[in-house]
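Here the structure is laid out as structure tokens; the discussion comes afterwards.
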Amino acid sequence: MAKAVIAIAGSSGLIGSALVAALRAADHRVVRIVRRTPANSGEVHWNPESGEFDASALNGVDAVVNLCGINIGQRRWSGAFKQNLRDSRITPTEVLAAAVAEAGVGVLVNASAVGYYGNTKDRQVDETASAGSGFLAQLCQDWEAATAAAQQVGARVVLARTGLVLARRAGCWADAPAVLAGLGARLGNGRQYISWISLEDEVRALQFAISHDGLSGPVNLTGPAPVTNAEFTAALGRAVRRPPRWFCRGSRCAPCSASSPTNCCAASAPSRRFGTRRFPVPPQHDW
31 MAKAVIAIAG
41 SSGLIGSALV
51 AALRAADHRV
61 VRIVRRTPAN
71 SGEVHWNPES
81 GEFDASALNG
91 VDAVVNLCGI
101 NIGQRRWSGA
111 FKQNLRDSRI
121 TPTEVLAAAV
131 AEAGVGVLVN
141 ASAVGYYGNT
151 KDRQVDETAS
161 AGSGFLAQLC
171 QDWEAATAAA
181 QQVGARVVLA
191 RTGLVLARRA
201 GCWADAPAVL
211 AGLGARLGNG
221 RQYISWISLE
231 DEVRALQFAI
241 SHDGLSGPVN
251 LTGPAPVTNA
261 EFTAALGRAV
271 RRPPRWFCRG
281 SRCAPCSASS
291 PTNCCAASAP
301 SRRFGTRRFP
311 VPPQHDW
């Protein structure tokens, strides 16, 4: 990948922080798009809620990566929180897409999620599958549609439909303390599928999306082997040497509901990339 100037919104999150580090390690120039007052010349300010963003800040930028969006598992899905989930994704994407179009940036890599497919049970889906139903599926559809301004001017737009990101010190591992205490258990009946990806693979895939001109449209960023929630919970317990079987035999977490973050399991589509690529090769971690 030739040295490039890459602007990133959502650069302080789990994926964004890792992507910034990887791009800088490869000698690319990273411009962080931030809500606070910029700390240096490598940052530019925006206020997406008010539509405040000077598109000229993207002059000379080769690609924009949009990773904005609050964590869907942060709290129970009240009506207000659902609106926050939408507002933190759709409005910033619309603002960025318009700026990409105005500044003539050639590439926009926009975050999305495998929740786009809804609950497909054990049916595998790839990028040619239609959208599912439910709140999360509709959110992903609207999120992707918000890139329209960039697509209309011919920018190469990649829609990164990401699964559950596994990282050693964050992501799903934030639940590890409960598992360490022997309190881990499956969600509901445990049969919901989870399409997952390691943080390292996610970052490599995003770098690939930035640099490869032939790639556009939706791309599933997931590992090759989706697992059920019960299998994942057991694997997490083994990884921290606290198999939660004693807990799971006699009880289980409450069934999923539309007001619960566990409803993200309803986005449990066993997804596969049409024309699979693996990042990195060989894998860096045995999860």
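Under our numbering, the first residue of the sequence shown carries the number 31, and numbering increases by one thereafter.
For glycine and all other residues, C-beta sits at the position ideal for the given N, C-alpha and C.
Exercise for the section: Just confirm the distance between the C-beta atoms of A56 and V135, as a whole number of angstroms; I'd bet it's less than 8 Å. Expected result: The pair is not a contact, with the Cβ atoms about 19 Å apart (cut-off 8 Å).
Exercise for the section: Please report the residue range of the alpha helix (DSSP H) in which N93 lies. Expected result: The displayed chain sequence assigns Ala, not Asn, to residue 93. Premise fails: A93 lies in the beta strand (DSSP E), A93 to N96, not in any alpha helix (DSSP H).
Practice task
Give the straight-line distance between the Cα atoms of R66 and R221, rounded to the nearest whole angstrom.
Solution key: 42 Å
Problem - Range covered by the alpha helix (DSSP H) that runs through W173 - result: Element bounds for W173: F165 to A175.
Practice task
Quick one: grab the DSSP three-state call for P248.
Solution key: strand
Problem - Cβ-Cβ distance between S142 and V187 below 8 Å - result: no
Problem - Sequence-distant residues of its chain with Cβ nearer than 7 Å to A33 (five each side left out) - result: Reading the sequence as shown, one finds Lys at residue 33 and not Ala. Cβ within range, chain order: D57 and H58.
Exercise for the section: Report the partner residues of R186 according to the DSSP bridge assignment. Expected result: V137
Practice task
Determine, using beta carbons only, whether A265 and V249 come nearer to each other than 8 Å.
Solution key: No, the Cβ-Cβ distance between A265 and V249 is not below 8 Å.
Exercise for the section: Could you check the C-alpha separation between G212 and P68 for me, to the nearest Å? Expected result: Note that G212 has pLDDT 45, beneath the 50 cutoff, so the model's placement of it is unreliable and the number below is only indicative. Cα-Cα distance, rounded: 44 Å.
Exercise for the section: Measure the C-alpha to C-alpha separation of Q113 and Q171 and round it to an integer number of angstroms. Expected result: 15 Å
Exercise for the section: Check I100 in the structure and name its three-state DSSP category. Expected result: Coil.
Problem - Length of the line joining the Cα atoms of V94 and A127 - result: 9 Å
Problem - Range covered by the alpha helix (DSSP H) that runs through S47 - result: L44 to A55
Handout entry: Rounded Cβ spacing between I323 and P256 (contact assumed at less than 8 Å)
Key = The structure shown does not extend to residue 323, since the chain spans only 31 to 317, so no value can be given for it.
Problem - Host alpha helix (DSSP H) of E73 (start-end) - result: Element bounds for E73: not the alpha helix (DSSP H) but the beta strand (DSSP E), E73 to H75.
Handout entry: Residue range of the beta strand (DSSP E) that includes S228
Key = W226 to S228
Problem - Of the residues Q154, E174 and S71, the one placed nearest R116, counting alpha carbons only - result: E174
Handout entry: DSSP three-state assignment for T158, whether helix, strand or coil
Key = Residue state, collapsed to three classes: coil.
Handout entry: Simplified DSSP state of S80, which is helix, strand or coil
Key = helix
Problem - Buried/exposed call for P15, threshold 16 Cβ in 10 Å - result: An answer regarding residue 15 cannot be provided, because it is not within the stretch 31 to 317 covered by the chain.
Problem - Cβ-heavy atom distance, K33 to the ligand ZN, below 7 Å - result: Because no ligand of any kind appears in the structure shown, any question about the ligand ZN cannot be addressed here.
Exercise for the section: With distances taken Cα to Cα, identify the nearest neighbour of G162 among D156, N149, Q154 and R153. Expected result: Checking every option, the nearest Cα to that of G162 belongs to N149.
Exercise for the section: Identify whether T192 lies in helix, strand or coil by the three-state DSSP scheme. Expected result: strand
Practice task
Name the one or two DSSP bridge partners that R59 has.
Solution key: V35, per the DSSP bridge assignment.
Exercise for the section: Taking only the alpha-carbon atoms, compute the straight-line gap between I38 and W76 and give it to the nearest angstrom. Expected result: 12 Å
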